[in-house]
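Enquirer: Pasting a structure below so you can have a look.
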Amino acid sequence: MKLHTQVVVIGGGVVGCSVLYHLTKLGWKDVVLLERSELTSGSTWHAAGGMHTINGDPNVAKLQKYTIDLYQEIQEISGQDIGKHETGGIMLAATKERFEWLKSIHARGSYLGFETEIISPKEAQKIMPLINPKHFVGALHDSIEGHLDPYGTTWAYAKAAKKQGGEIYQNVRVTDLQIHPQGGWRVIYENGNSGESESQGRVEEIHAEHVVNAGGLWAREVGRMVGLELPVLAMEHMYFLTEDIPEVKAFNQENEHELPAVIDFDGEIYLRQEQQGMLMGTYEKACKPWSPKVTPWNFGQDLLPPDLERIAPSLEVGFEHFPVFEKAGIKKVINGPFTFAPDGNPLIGPVRGLPGFWCACAVMAGFSQGGGVGLVLANWMIEGDPGFDVWGMDVSRFGDWATLSYTNTKVQENYSRRFSIRFPNEEL
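Here it is in structure tokens:
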């Protein structure tokens, strides 16, 4: 590996690879990404891979729209299939209050140029026959939603970045960051570290003018190397895959396309088609943090023990709203951690008092927001301006008051209310 570079990006998940791609796209070619294990290790590899344009924050929604529009570009440049399924999506309202909220989201989306439509429960059932319409008062249809392959998408960013001059090194764990006497950063790393032990491999270093913390599950650990306690907490998140469902297969054969993705706010669930079966995930009230103080370095492509009893209340509502699940066999349960900031938005931008140190962390919706986060950070680093209104995502919005205790409490509160209606000026 070279001894000097303009930028070191720490972390080879979808966000880190997006940052590397956008830096090369905007003209910085002397850039290096270091991944402690293999690309996608951590949270990226086990993600459900959903992509959505809709978001309660219009500035985040713009970045999500950019991300989805970007996928065709990176697939063509890289030659890597990203497994994109643009199925469209439906958001369901079980109460009048939720339906009014969906109408406001539709109005906001229309202003932003999104292709959304307010529809009735019966119309929703025509698009998504698994719905029991008697439980709902209305719905919002978004034609651009869908899902993709997390592994293929991450590698598409990576291959496109490499074609444009970026360098990627796997099995290289950064162990320390020190201010270089000539400016920039000394990035100390173990070369040959497979990520399977706390310490192995030979110690080397590279001098970087800029360092980007895209550490994902290890964002706290990377931050602590420079004396920074980032307000980030990993939460357990579960979804399950069913066996083949005859109704799904029949719909595909009759319509020659997949079922749309669905968010059922009342049930705190989301679902989409997976092969000839279905995927259902939850944002349950009885949420559970994972490794709240320290993330083990030897955690990689691992899953956590399933705990269906904890999400049973959400599943009970989901099975009632989508009766086909009552008789569907469960093929696999996925329980994996991913990170949140206290308000659920990413942590992006420069860190005050640490020149040349940047964050791209807590991106819990990496396949909806990862492209936009990469663009914003690359703009900020190269042009001095993010190019978007990113106050709601700026890492500087949190100060020393965002202690570990505060972060743990607020992240759990935010996770448990992810599908709750948010009101103006409500403190989260």
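So for the sequence shown, this note's numbering puts the first residue at 1293; every next one is plus one.
Virtual Cβ for every residue (Gly too), placed ideally from N, Cα, C.
(1) Suppose only complete runs of 3+ residues qualify. What are the beta strand (DSSP E) ranges in the stretch 1574–1641, listed by chain order?
(2) In its own chain, which residues sit with a C-beta less than 8 Å from the C-beta of residue 1599, not counting the 5 before and 5 after it?
(3) Check this for me: beta carbons of residue 1616 and residue 1537, under 7 Å apart or not?
(4) Could you tell me which of 1396, 1320 and 1466 sits nearest to residue 1589, measuring between CA atoms?
(5) On the premise that residue 1472 lies in contact with residue 1502, defined as a C-beta separation below 8 Å, what is that separation, rounded to the nearest angstrom?
(6) Tell me the rounded alpha-carbon separation between residue 1367 and residue 1693.
(7) From what residue to what residue does the beta strand (DSSP E) around residue 1703 run?
(8) Would you report the Cα separation of residue 1387 and residue 1429, rounded to the nearest angstrom?
(9) Could you compute how far the alpha carbon of residue 1691 sits from the alpha carbon of residue 1602?
(10) Can you tell me where the alpha helix (DSSP H) holding residue 1362 begins and where it ends?
(11) In the DSSP assignment, what are the bridge partners of residue 1653?
(12) Is residue 1499 helix, strand or coil by DSSP?
(13) Any idea which residues DSSP pairs residue 1381 with across the strands?
(14) Going by the DSSP bridge assignment, what does residue 1505 pair with across the sheet?
(15) Ignore the nearest five residues each way along the sequence and tell me which others in residue 1561's own chain have a CB closer than 7 Å to its CB.
(16) Which of the three DSSP states, helix, strand or coil, is assigned to residue 1559?
(17) What residue from 1424, 1697, 1382 and 1427 has the CA that sits closest to residue 1409's CA?
(18) Anyone know if the C-beta pair for residue 1312 and residue 1300 falls short of 7 Å?
(19) By alpha-carbon positions, which one of 1320, 1328 and 1666 ends up nearest to residue 1480?
(20) Ordered along the chain, which non-local residues of its own chain (more than five positions away) have a Cβ less than 8 Å from that of residue 1677?
Expert: Reading from the atomic positions:
(1) The qualifying runs are 1622–1632.
(2) Taking the sequence shown and counting its residues from 1, the one referred to as residue 1599 is at position 307. These residues qualify, in order along the chain: 1528, 1530, 1580 and 1627.
(3) Reading the sequence shown from its first residue, position 324 is the one you call residue 1616. Reading the sequence shown from its first residue, position 245 is the one you call residue 1537. Against a cut-off of 7 Å, the Cβ pair of residue 1537 and residue 1616 comes out as a contact.
(4) Position 297 of the sequence shown, counting from 1, holds the residue named residue 1589. The residue with the shortest Cα to Cα distance from residue 1589 is 1466.
(5) Mapped onto the sequence shown, residue 1502 falls at position 210. Mapped onto the sequence shown, residue 1472 falls at position 180. The C-beta distance from residue 1502 to residue 1472 rounds to 12 Å, too long to meet the 8 Å contact threshold.
(6) As a first step, residue 1367 is located in the sequence shown; it is residue number 75 there, counting from the start. As a first step, residue 1693 is located in the sequence shown; it is residue number 401 there, counting from the start. So the alpha carbons of these two residues sit roughly 42 Å apart.
(7) Position 411 of the sequence shown, counted from the start, is the residue given in the question as residue 1703. Careful: residue 1703 lies outside any beta strand (DSSP E), inside the alpha helix (DSSP H) at 1696–1708.
(8) As a first step, residue 1387 must be located in the sequence shown, where it is residue number 95. As a first step, residue 1429 must be located in the sequence shown, where it is residue number 137. C-alpha separation (whole angstroms): 6 Å.
(9) Residue 1691 sits at position 399 when you count from the first residue of the sequence shown. Residue 1602 sits at position 310 when you count from the first residue of the sequence shown. Taking C-alpha positions only, residue 1691 is separated from residue 1602 by approximately 33 Å.
(10) Along the sequence shown, one-based indexing puts residue 1362 at 70. First-last of the alpha helix (DSSP H) with residue 1362: 1350–1370.
(11) Within the sequence shown, residue 1653 is the residue found at index 361, counting from 1. DSSP, once it has assigned bridges, lists 1639 as partnering residue 1653.
(12) Here the question's residue 1499 lines up with position 207 in the sequence shown. Three-state result, residue 1499: strand.
(13) Looking up residue 1381 in the sequence shown gives position 89. Answer is 1434 and 1553.
(14) Indexing the sequence shown from 1 puts residue 1505 at position 213. Looking at the DSSP output, residue 1505 bridges to 1302 and 1651.
(15) Stepping through the sequence shown from its first residue, residue 1561 is reached at position 269. For residue 1561, the CB contacts under 7 Å within the same chain, skipping 5 residues up- and downstream, are 1572, 1573, 1574, 1606 and 1610 in chain order.
(16) Counted from its first residue, the sequence shown places residue 1559 at position 267. Assigned with DSSP and collapsed to three states, residue 1559 falls in coil, not helix or strand.
(17) Residue numbering aside, residue 1409 sits at position 117 when the sequence shown is read from its first letter. Relative to the Cα of residue 1409, the nearest Cα in the group 1424, 1697, 1382 and 1427 belongs to 1382.
(18) Taking the sequence shown and counting its residues from 1, one reaches residue 1312 at position 20. Taking the sequence shown and counting its residues from 1, one reaches residue 1300 at position 8. No, these two residues do not count as a Cβ contact at 7 Å.
(19) Here the question's residue 1480 lines up with position 188 in the sequence shown. For residue 1480, the nearest C-alpha among the options comes from 1328.
(20) Translated into positions along the sequence shown, residue 1677 becomes position 385. Within the same chain, residue 1677 has close Cβ partners 1671.
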